[in-house]
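Below is one structure, written out as C-alpha cells; the observations come after it.
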Amino acid sequence: MAGVSLGPTASPSPALPPQEAANAAAHTTASPVVQVSGLTIRFGAMDAPAAVDGISLSINAGETLALVGESGSGKSVTARALVSLLGGGATVTADVLRVAGLDIPKLGRRQLEKLRGATVGTITQDALSSLDPLRLVGREVDDALRLHTSLSALQRRTRVLELLAEAGIPDPRVRAAQRSGELSGGLRQRALIAAALAANPKLLVADEPTTALDAQVRNGILDLIKRQADTGMAVLLISHDLGAVARVADRVAVMTDGRIVEEGPTARVLEAPAHEYTRRLLAASPAGKPRHQALLAGITAGTPTSGTASAVPRPPASTHPRPQSVSATGSPSTPPALQARGIAVSFTSRGEAPRTVLSGLDFNLPEGTTLGLVGPSGSGKTTLARIALGLQKPDAGELLLLGEKWSSLPETQRRPRRGLIGAIYQDPMASFDPRFTVAQLLTDSITHGASTRSSAVRPRVRELLDSVGLESTLAARRPRTLSGGQRQRVAIARALGAEPRVLVLDEPVSALDVTIQAQVLDLLDSLQRDLTLSYLFISHDSDVIEHMSDTVLRLD
Amino acid sequence: MRRITAVEAASGTVLLALAVAALAPNLIAPGDPLAINPLASFQPPSFAHLLGTDESGRDLLTRIVHGTAPSLLIGVAATVIGIGLGALLGVAGGLGPRWVDSGTTRLVEVLFAFPGLLLALLFIAVAGPGPLTSTVAVGLATAPGYARLIRSQVLSVRRSGYVESAVVLGRGWWRRLTRHIAPNVTSTLFVLVTLGVGQSIVWASSLSYLGLGVSPPAAEWGAMLNSGRTYIGSFWWMTFFPGLAIVLSAASTTLLGRSIQNRVRT
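Rendered as C-alpha cells:
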C-alpha cells in the first residue's frame, strides 16, 4: 500500500532523496527525526474508507516539511498520529512510525506524555482555545519547563521570560502576568510557540499556525518558525497557505484524499508541479494574480461558468478600463456607489475612556469597482461594513449610497432603498433562517419579502441558481445539507435576488478551501462585470484583497 | 428520520388510549361513573370490577375512564394559560424597549420567588375553589418559567444572523416578527407545551386532592385520590389506580415531549 501512494511523478523514495540527504548531513544527524512509512488511519469500522492511506514521509533535523492540502485531505490527522493523539475511534497501522527514534505505537501512556511537549512541540491554529483562559501566560509556558526539565523554580522564571522574548513578545515581564484573553491574536500565537519550544523539542508540529492572522503578523510567526528550523529542529508545517509554505519549507508534500500525490523540494513543487492536483491547488491561489484574471480558467471542468443565462457577458474592456491606481474610474456624471465623508466611530464602555475605532475616514467606491478593506482585527473593518449596511450609525461624518444620503437617513426612509446594498458574510449559514429551503430564501429575496412560496418567480429562482453555478435541483434543499462553497453561492444568489448595486462582502471566502475559494472569487469577479456591481470587500488575506480590489484601503 | 423507539411507541399508545377515554369514555367503560351500589362497596379488583370499587360501590375503572376528560382538560387548559401568559411576558420582554424588558423580568423574578403551588393556593384563596379557578391557578403558577424561557428564545432569535440579514434586505419589523421570529420561537414552544402538560396534570390533580379543584363525587383523578386516602391502609386499589392514571399520563406526555425535542434538535 505504501508504495502506491507515491505516484510515478513523485520524487523517489522519501527515505533518502539525494538532495535532502545532503541537507541532513550538513546538520550531522544520523537518522531522520520523523520516519513514517505505510501509515494508514481509519475512523470507525475496518472497512471504512481510510482517512490517511498508506503515506510515507521523513523529516531530518533542521528541515521543514510542509504538508499541503485541503480540509479532509488527512494532513492534520497525520500530524496527530505522530504524537498518538487520535483517540480510541481511530485505527492506526504503519510499517514504520518513529519520532526521534521512538517507536510511537509501542509507547506507553507515560512515555507518550513525555513525547508530547518534551520531544514534540505542537502549535495549533486556534491559540485562544489552546491556552487556558484562566491561567497566566507565564504559567502556560512554565508548565512545559516544570514537566519536562529539571530546572529550579527560579531558573524557570528567568527561562520563561527568555522564551517569551525569543518568541518575539515585547515586554515579556508584563505579558507573562496576563491571561490569554488580554493578548492579541498574534501575541497569543507567539505565547503558544514559546510554550511549545520551552522543552527544546526535536520536532515542532505547526498545524495551520497562521490561518487566522493578518499578513504582517503572519510573516512574523513564519519567520519565528523558520528560525527554529535553522537551529536544527525538525519542523512539520501543515498549511493550505502556499505563500506560507514557500516562505519557510524546504520540502513540500501535497496531500489529497489521504494520499501524498507529490513530494519534492519547495521550489520545484511550487514552480514546476508535476501532479494535476498540485497544479490545480497552485492555480487556485490568488497570490500574485492580476485583477480579473480567472483563477481557475481552463481547469474549471465541472464548475459551471457564470453569466450563463441570466446576463449577457460584456467584454470587460467596455465597462472596465482596468483601473490600477487609487484614482479609479467613474465619469463625473455618475456618482460613486459608496462615498464616505469623515466617518468616525468610537465605542464607550462604562468606566473606560472611549476607544476610537474609525476617525475621519474618507473614501470613494466608484460604480463597478471593488474597494478592498484590510487591517488587523479590531481596526474597524466590520464596523465600517455595518455602517455601509445601515446597521449602525457613525458618530460623525456620513456615508452616501449612489450619491444620495444613506447613513444619516432615518430607518423608515432607508428601508425602501435597502435592496440596493446587499451583504455576504463569512458564515452564510447564520444568515439563513433555519426553516427555509434554498428556494424559499431566494423567493423571499426576489419578491422583496412579499412571499416565500410564490411560484411566479420560480423561473427567476432557477436563473439565479444558474448564475451562481448551482444546479436548480438544489432549490428544494435546506442550506445545512449543502457544502460550504454551495452555501456561499446560495448567499450570493440571495443577495443578487434583490437586484443590488453594491455588495458588502465581509470575509466571504475566509472559511473556504483554496480551490473553492478560487471558484467563489471567480464567480464574484464575473458577476461584478456582468451586472456592474460595486464591492466593498473585507478580508484579512492580503492575497485575496490584492487580487480582487481596484483600490485598497488599509485600516489600522 | 430515525426509527420509532420503544419509549415513543409506549407513550404514544398510552396517549392514544387517554384520548379515546377523554373523547368517548363510553366506548371503554359504558357504565355510569356516579351510580352507587352500597352492596358492592370496597370490592377488590375482580372480573366484575376490573379495578375494584370504592366506598359507595362505584366501579373504579368507569370512574377513572370518565375522569380522564376533566383531569386532562385541566392540565391542557392550564398549560395553555401558562404558556399564553408566559408568551405575553416573554415576547414583551424580548422585543419591547428596555424598560418593558426590565419591568417584565422583575415581575417574573418576583413570581419565581414563590413556590409554584403556593402561588396557585394564593390565587385560589382569593378567587375561591373550583375547577375553573384551579385551572387558572395552575396556569398562573407555571407562567413565570415559560416567560423566562420564551424571553431568552425571542432574544436569541432577534439577535441572530438571519434576522439581521432580514434587516439588511429591508424587511420591516412586522415582517421580521411574523416571518422569522414568531415561527422560530413557536417551533421550540411546541416542545415546551408537551413537556408542560404532564407537569400541569400533576399540579391540577394535587389541587383537587387538596379539595380545591374538582370536588367529589365528580370523577376526577385527584379528587378520587383524596377520597381513597382514608382507606389507603385497607383498600389500596382506591388510591393506586387513580394515581397510576396520573403517573402514566404525565409520564407519557413528558417522554413524548422529550423525544420530539431530541428529534427537532438533530
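Chains as they are written, first to last, in the working numbering: chain A, 3 to 558; chain B, 1267 to 1532.
All C-beta atoms, glycine included, are put in the ideal place defined by N, C-alpha and C.
Contact list for S1431 (chain B) against chain A, beta-carbon separation under 7 Å: By one-based count along the second sequence, residue 1431 (chain B) stands at place 165. Going along chain A in sequence order, the residues near S1431 (chain B) (Cβ under 7 Å) are A425, S433.
Where D243 (chain A) falls, given that 16 or more other Cβ within 10 Å makes a residue buried: By one-based count along the first sequence, residue 243 (chain A) stands at place 241. With 16 or more other Cβ atoms within 10 Å, it is buried.
9 Å Cβ cutoff met for V70 (chain A) and A255 (chain A): Taking the first residue of the first sequence as position 1, residue 70 (chain A) is located at position 68. Taking the first residue of the first sequence as position 1, residue 255 (chain A) is located at position 253. Yes.
Endpoints, beta strand (DSSP E) assigned at I1270 (chain B): Mapped onto the second sequence, residue 1270 (chain B) falls at position 4. No beta strand (DSSP E) holds I1270 (chain B); DSSP gives it neither H nor E.
Neighbouring residues, chain A, relative to V1434 (chain B) (Cβ below 8 Å): In the second sequence, residue 1434 (chain B) corresponds to position 168, counting from 1. Result: L391, G392, L393, R420, I423, G424, A425.
Cβ pair A169 (chain A), L205 (chain A) closer than 9 Å: Here residue 169 (chain A) refers to the residue found at position 167 of the first sequence. Here residue 205 (chain A) refers to the residue found at position 203 of the first sequence. No.
Per-residue burial, G304 (chain A) [other beta carbons within 10 Å of its own, 16 or more giving buried]: Locating residue 304 (chain A) in the first sequence gives position 302, where the first residue counts as 1. Interpretation of G304 (chain A) is limited by its pLDDT of 39, a score under 50 that renders its predicted location unreliable; no figure is taken from the coordinates.
Cross-strand partners of K291 (chain A) (DSSP beta bridge): Position 289 of the first sequence, counted from the start, is the residue given in the question as residue 291 (chain A). Note: K291 (chain A) sits in no beta bridge, so no partner.
Nearest neighbour of P1311 (chain B), chosen from B:A1285, B:P1304, B:G1323, B:I1302 [CA to CA]: The residue you call residue 1311 (chain B) lines up with position 45 of the second sequence. With distances taken between Cα atoms, P1311 (chain B) lies closest to B:G1323.
Where the segment 1466-1497 of chain B meets chain A: residues whose CB sits under 7 Å from a CB there: none
Beta carbon proximity, D508 (chain A) to chain B, threshold 9 Å: As a working mapping, residue 508 (chain A) is identified with position 506 in the first sequence. So, not an interface residue.
Residues that F45 (chain A) bridges to, as DSSP identifies them: Here residue 45 (chain A) corresponds to residue number 43 of the first sequence, with the count starting at 1. Note: F45 (chain A) sits in a beta bridge opposite A:A92.
Whole-angstrom C-beta distance between S58 (chain A) and P34 (chain A), which should lie under 8 Å: As a position in the first sequence, residue 34 (chain A) is number 32, starting the count at 1. As a position in the first sequence, residue 58 (chain A) is number 56, starting the count at 1. The Cβ separation is near 11 Å, so there is no contact.
Same chain only: Cβ atoms within 7 Å of L284 (chain A), ignoring 5 sequence neighbours per side: Stepping through the first sequence from its first residue, residue 284 (chain A) is reached at position 282. So the list reads L244, L272, P275, once near-sequence residues are dropped.
Nearest neighbour of P1483 (chain B), chosen from B:S1472, B:S1453, B:T1408, B:E1321 [CA to CA]: Working through the second sequence from its first residue, we reach residue 1483 (chain B) at position 217. Of B:S1472, B:S1453, B:T1408, B:E1321, the residue nearest in Cα terms is B:E1321.
Chain B contact residues for A500 (chain A), given Cβ-Cβ distances below 9 Å: Numbered from 1 along the first sequence, position 498 holds the residue referred to as residue 500 (chain A). Within chain B, the residues near A500 (chain A) are L1435, G1436.
Reduced DSSP category for E168 (chain A) - H, G, I as helix; E, B as strand; rest coil: Position 166 of the first sequence holds residue 168 (chain A). Residue state, collapsed to three classes: helix.
Under 7 Å by beta carbon: chain B residues contacting R417 (chain A): Sequence index remark: in the first sequence, residue 417 (chain A) carries index 415 (1-based). Residues of chain B passing the Cβ test: G1436, G1438.
Segment contact flag, the segment 374-392 of chain A with the segment 400-418 of chain A, C-beta cutoff 8 Å, min 3 pairs: yes
Span of the beta strand (DSSP E), counted from its first residue to its last, around Q180 (chain A): For the purposes of this step, residue 180 (chain A) is taken as the residue at position 178 of the first sequence. Careful: Q180 (chain A) lies outside any beta strand (DSSP E) and carries neither H nor E.
Length of the line joining the Cα atoms of L41 (chain A) and G56 (chain A): Residue 41 (chain A) sits at position 39 when you count from the first residue of the first sequence. Residue 56 (chain A) sits at position 54 when you count from the first residue of the first sequence. For L41 (chain A) and G56 (chain A), the distance between alpha carbons rounds to 5 Å.
Unbroken stretches of the alpha helix (DSSP H), 4 residues or longer, contained in the segment 1486-1517 of chain B: 1487-1495
Assigned exposure category for I423 (chain A) - 16 Cβ within 10 Å defines buried: For the purposes of this step, residue 423 (chain A) is taken as the residue at position 421 of the first sequence. So I423 (chain A) counts as buried.
Closer than 8 Å at the beta carbon, the chain A residues around Y1428 (chain B): Numbered from its first residue, the second sequence carries residue 1428 (chain B) at position 162. Chain A residues near Y1428 (chain B): A432, S433, F434, D435, P436.
Neighbour-count burial assignment, S1525 (chain B), 16 or more Cβ in a 10 Å radius: Stepping through the second sequence from its first residue, residue 1525 (chain B) is reached at position 259. Its Cβ being crowded by 16 or more others within 10 Å, S1525 (chain B) is buried.
Chain-ordered neighbours of H450 (chain A) on chain B, where CB pairs are closer than 9 Å: The residue labelled residue 450 (chain A) in the question sits at position 448 within the first sequence. Under the 9 Å cutoff, chain B gives L1435, G1436, R1437.
Residue environment, A47 (chain A), which counts as buried when at least 16 other CB atoms sit within 10 Å: Position 45 of the first sequence, counting from 1, holds the residue named residue 47 (chain A). A47 (chain A) comes out exposed.
Residues within the segment 51-63 of chain A neighbouring chain B, beta-carbon criterion of under 8 Å: none
Enclosing beta strand (DSSP E) for A398 (chain A) [first to last residue]: Translated into the one-based positions of the first sequence, residue 398 (chain A) becomes position 396. Unbroken beta strand (DSSP E) run through A398 (chain A): 398-403.
I1270 (chain B) burial status per 10 Å Cβ neighbour count (16 or more: buried): The count along the second sequence starts at 1 and reaches residue 1270 (chain B) at position 4. Under this definition I1270 (chain B) is an exposed residue.
9 Å Cβ cutoff met for G399 (chain A) and A452 (chain A): Taking the first sequence and counting its residues from 1, the one referred to as residue 399 (chain A) is at position 397. Taking the first sequence and counting its residues from 1, the one referred to as residue 452 (chain A) is at position 450. No; because the gap between Cβ atoms is not below 9 Å, this pair is not in contact.
Beta-carbon proximity check, L467 (chain A) vs A497 (chain A), cutoff 9 Å: Position 465 of the first sequence, counting from 1, holds the residue named residue 467 (chain A). Position 495 of the first sequence, counting from 1, holds the residue named residue 497 (chain A). No, the Cβ-Cβ distance between L467 (chain A) and A497 (chain A) is not below 9 Å.
Test item: CB-CB of S551 (chain A) and L373 (chain A) under 9 Å: Counted from its first residue, the first sequence places residue 551 (chain A) at position 549. Counted from its first residue, the first sequence places residue 373 (chain A) at position 371. Yes; because the gap between Cβ atoms is below 9 Å, this pair is in contact.
C-beta atoms of R1424 (chain B) and I1447 (chain B) nearer than 9 Å: The count along the second sequence starts at 1 and reaches residue 1424 (chain B) at position 158. The count along the second sequence starts at 1 and reaches residue 1447 (chain B) at position 181. Contact flag set, yes.
Local Cβ density within 10 Å of G1341 (chain B), reported as buried at 16 or more and exposed below that: Numbered from 1 along the second sequence, position 75 holds the residue referred to as residue 1341 (chain B). So G1341 (chain B) ends up on the buried side.
Chain A within 9 Å of N1450 (chain B), Cβ atoms only: Here residue 1450 (chain B) is taken as the residue at index 184 of the second sequence, counted from 1. For N1450 (chain B), the answer is yes, since a Cβ of chain A falls inside 9 Å of its Cβ.
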